[in-house]
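If you're matching positions, the sequence shown starts at 1 in full-length UniProt numbering and goes up one per residue. Beta carbons: idealized from backbone N, C-alpha and C, even for Gly. Taking it in order: structure first as structure tokens, then the write-up.
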Amino acid sequence: MEDPNIRSDPTSPLNQPPRGMMASALFSNRTLLATHNPGQARASVENVFFRHRLRTSGSGFNPINFIHRGAGLSSLTFNLISYGSDVEVSVDYIDRSHYVLVTPLNLKAVVHNHDTRSDLESGELIVLDPMRRFCFEMEAAHSHLAIGIPKQRLNAHLLQHYPHLAGQRIEFRSTPYSQKNIGSGLFDYLAYICREIDRPGTMTRHNAVASSIEDSFLTLLIATLLEAQDPSLLLDFGSHVPACVLRAEEFMEQNLSEEISSEDIVAVAGVPTRTLYHGFRKHRGVSPVHWLRLRRLRQARLDLLAAASTAVSVTDVAQLYQFSHVGRFSRAYFEEFGEYPSDTLRRL
């Protein structure tokens, strides 16, 4: 199927995609689906995101001319989506599995995000929060890049790189972020990622490379957007973290594979239990035991990603990091990373 709906008009200032991301060429080697069937189109998008409603204005045998192209890294997916018809996409429930970053490539979209209506233009992006309902209205010639970010993946990244924000629910604003206000760095890096994962023989086929690029993207995304809406959120209060918290963290890091109790952690910290828990809640957003569990899950993921050279199994990793019940380990792993440990192994 040809892509008549994926085209760019260089004469229109409102139809300029971010630099390096022309819709006609984006993911040209990665077509996932081309169809005139609305049900197939909805299923293709739901496969990488979540269930939603799709309403089309077309009629007859070809109500839409849908194109879905894209690829993924470790946990994130990058998707070019074009419906080739006037459509409305809506979600009327909350607590979804993913954040979705959307930036137009051709023409604007009208976005009803929570209680706000906005025009989303090329050179802008919006982050759809899993705790907010939304509705997108798109014209036939519209296309966009949509990036799926599992909320568990974002939470794990916050814990590792922004520990003072761990335990908080980060709320990106409900209106678009403009390249004029946040700069071109994020858009430029997005363009690089899209080119790289589309490249034949790309090095992103190696999990270590994919995970590293994904971490860099998430760090840049969080820093860019939070600086635009509230720079104080990015202040690192690490220098003010109490010594008891740092002693406890060092002890737990050194004993991720050992059987240690909360009493052991408190003893090493050298302060009363209540004092230590207060310090962790204030500076890390979680209790010491929860912090240890998250660090073990993160290390378990790294071990699984290295399994190609070690032939490790899910059971081996679960037991190594003190998860006596493999089923509970798998559920906890899914809650943090948006996939089961067996899924991680299958991708190697």
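If residue 70 sits next to residue 27, beta carbons under 8 Å apart, how far is it from one beta carbon to the other, in whole angstroms? Residue mapping note: residue 70 aligns to position 70 of the sequence shown, counting from 1. Residue mapping note: residue 27 aligns to position 27 of the sequence shown, counting from 1. Yes, they are in contact, since the Cβ atoms of residue 70 and residue 27 sit about 5 Å apart, within 8 Å.
Between 240, 345 and 122, which lies nearest to residue 180 when the distance is taken from Cα to Cα? The residue labelled residue 180 in the question sits at position 180 within the sequence shown. Of 240, 345 and 122, the residue nearest in Cα terms is 122.
Got a sec? Which residues, its chain only, sit under 6 Å from residue 252 by beta carbon, not counting five neighbours each side? Here residue 252 refers to the residue found at position 252 when the sequence shown is read from its first residue. Taken in chain order, the residues that qualify are 292.
Where does residue 86 fall in DSSP's three states? Taking the sequence shown and counting its residues from 1, the one referred to as residue 86 is at position 86. It is coil, neither helix nor strand.
Taking its Cβ as the centre, do 16 or more other Cβ atoms sit within 10 Å of residue 238, making it buried, or is it exposed? The residue given as residue 238 occupies position 238 in the sequence shown. Since pLDDT at residue 238 reaches only 49, below the 50 mark, its modelled position is unreliable, and no value is offered.
With DSSP collapsed to three states, give me the class of residue 200. In the sequence shown, residue 200 corresponds to position 200, counting from 1. Looking at residue 200 - three-state DSSP - the assignment turns out to be coil, as it is neither helix nor strand.
Assuming residue 342 is part of the alpha helix (DSSP H), what are its boundary residues? By 1-based counting over the sequence shown, the position of residue 342 is 342. Residue 342 -> alpha helix (DSSP H) spans 341-346.
So which of 148, 63, 62 and 176 has the shortest CA-CA distance to residue 111? By 1-based counting over the sequence shown, the position of residue 111 is 111. For the residues 148, 63, 62 and 176, the minimum Cα distance to residue 111 belongs to 176.
Tell me the DSSP secondary structure of residue 118 in three-state form. The sequence position of residue 118 within the sequence shown is 118, counting from 1. The answer is strand: DSSP assigns residue 118 an E or B state.
Chain-order list of residues whose beta-carbon lies under 6 Å from that of residue 331 (same chain, five-residue window excluded): Position 331 of the sequence shown, counted from the first residue, corresponds to residue 331. Nothing meets the Cβ criterion.
Look at the alpha carbon of residue 57 and the alpha carbon of residue 79, and state the distance between them as a whole number of angstroms. Walking along the sequence shown from the start, residue 57 turns up at place 57. Walking along the sequence shown from the start, residue 79 turns up at place 79. Distance between the alpha carbons of residue 57 and residue 79 is about 23 Å.
Please go through the same chain and pick out, in chain order, the residues whose beta-carbon is closer than 6 Å to the beta-carbon of residue 165, but skip the five residues on each side of it. Locating residue 165 in the sequence shown gives position 165, counting from the first residue. Within the same chain, and ignoring the five residues on either side of residue 165 in sequence, the residues whose Cβ sits closer than 6 Å to its Cβ are 158.
One question on the structure: do residue 117 and residue 50 come within less than 8 Å of each other, judged by their Cβ atoms? As a working mapping, residue 117 is identified with position 117 in the sequence shown. As a working mapping, residue 50 is identified with position 50 in the sequence shown. The answer is no: Cβ separation not under 8 Å.
Residue 254, buried or exposed, once every other Cβ within 10 Å from all chains shown has been counted against 16: In the sequence shown, counting from the first residue as 1, residue 254 sits at position 254. Under this definition residue 254 is an exposed residue.
Just checking my contact of residue 218 with residue 154 at CB under 8 Å: how many whole Å lie between their CB atoms? Counted from its first residue, the sequence shown places residue 218 at position 218. Counted from its first residue, the sequence shown places residue 154 at position 154. 7 Å between Cβ atoms; contact.
Simplified DSSP state of residue 149, which is helix, strand or coil: Numbered from its first residue, the sequence shown carries residue 149 at position 149. Residue 149: strand per DSSP, three-state reduction.
Name the two residues that bound the continuous beta strand (DSSP E) containing residue 331. Here residue 331 refers to the residue found at position 331 when the sequence shown is read from its first residue. Premise fails: residue 331 lies in the alpha helix (DSSP H), 326-337, not in any beta strand (DSSP E).
Rounded separation between residue 269 and residue 337 - CA only: The sequence position of residue 269 within the sequence shown is 269, counting from 1. The sequence position of residue 337 within the sequence shown is 337, counting from 1. For residue 269 and residue 337, the distance between alpha carbons rounds to 30 Å.
Can you give me the C-alpha to C-alpha distance between residue 206 and residue 271, rounded to a whole angstrom? Translated into the one-based positions of the sequence shown, residue 206 becomes position 206. Translated into the one-based positions of the sequence shown, residue 271 becomes position 271. Spanning the two alpha carbons is a distance of roughly 44 Å.
Integer Cβ distance of residue 171 from residue 129, believed to fall under 8 Å: To locate residue 171, count along the sequence shown from 1; it is residue 171. To locate residue 129, count along the sequence shown from 1; it is residue 129. Right, the Cβ-Cβ distance comes to about 6 Å (below 8 Å), so this counts as a contact.
Output the boundary residues of the beta strand (DSSP E) element that contains residue 138. Reading the sequence shown from its first residue, position 138 is the one you call residue 138. That run of the beta strand (DSSP E) goes 134-138.
Please work out which residues of its chain come closer than 8 Å, Cβ to Cβ, to residue 134, disregarding the five sequence neighbours upstream and downstream, and give them in chain order. The residue labelled residue 134 in the question sits at position 134 within the sequence shown. So the list reads 90, 91, 111, 112, 113, 114 and 128, once near-sequence residues are dropped.
Starting from the Cα of residue 103, find the closest Cα among 145, 64 and 86 and give me that residue. For the purposes of this step, residue 103 is taken as residue 103 along the sequence shown, with counting starting at 1. The option with the nearest alpha carbon to residue 103 is 145.
Check this for me: beta carbons of residue 48 and residue 148, under 8 Å apart or not? Position 48 of the sequence shown holds residue 48. Position 148 of the sequence shown holds residue 148. Cβ atoms of residue 48 and residue 148: closer than 8 Å.
Given that a residue counts as buried once 16 or more other Cβ atoms are within 10 Å of its Cβ, and exposed if not, what is residue 201? By one-based count along the sequence shown, residue 201 stands at place 201. With fewer than 16 other Cβ atoms within 10 Å, it is exposed.
With distances taken between CB atoms, is the gap from residue 304 to residue 344 smaller than 8 Å? The residue given as residue 304 occupies position 304 in the sequence shown. The residue given as residue 344 occupies position 344 in the sequence shown. Cβ distance < 8 Å, so residue 304 and residue 344 count as in contact.
Alpha carbon to alpha carbon, what distance is there between residue 75 and residue 212? As a working note, residue 212 is residue 212 in the sequence shown. As a working note, residue 75 is residue 75 in the sequence shown. Those two C-alpha atoms are separated by around 11 Å.
If we ignore side chains and look at the alpha-carbon of each, how far apart do residue 340 and residue 319 end up? Reading the sequence shown from its first residue, position 340 is the one you call residue 340. Reading the sequence shown from its first residue, position 319 is the one you call residue 319. Residue 340 and residue 319: Cα-Cα distance of roughly 16 Å.
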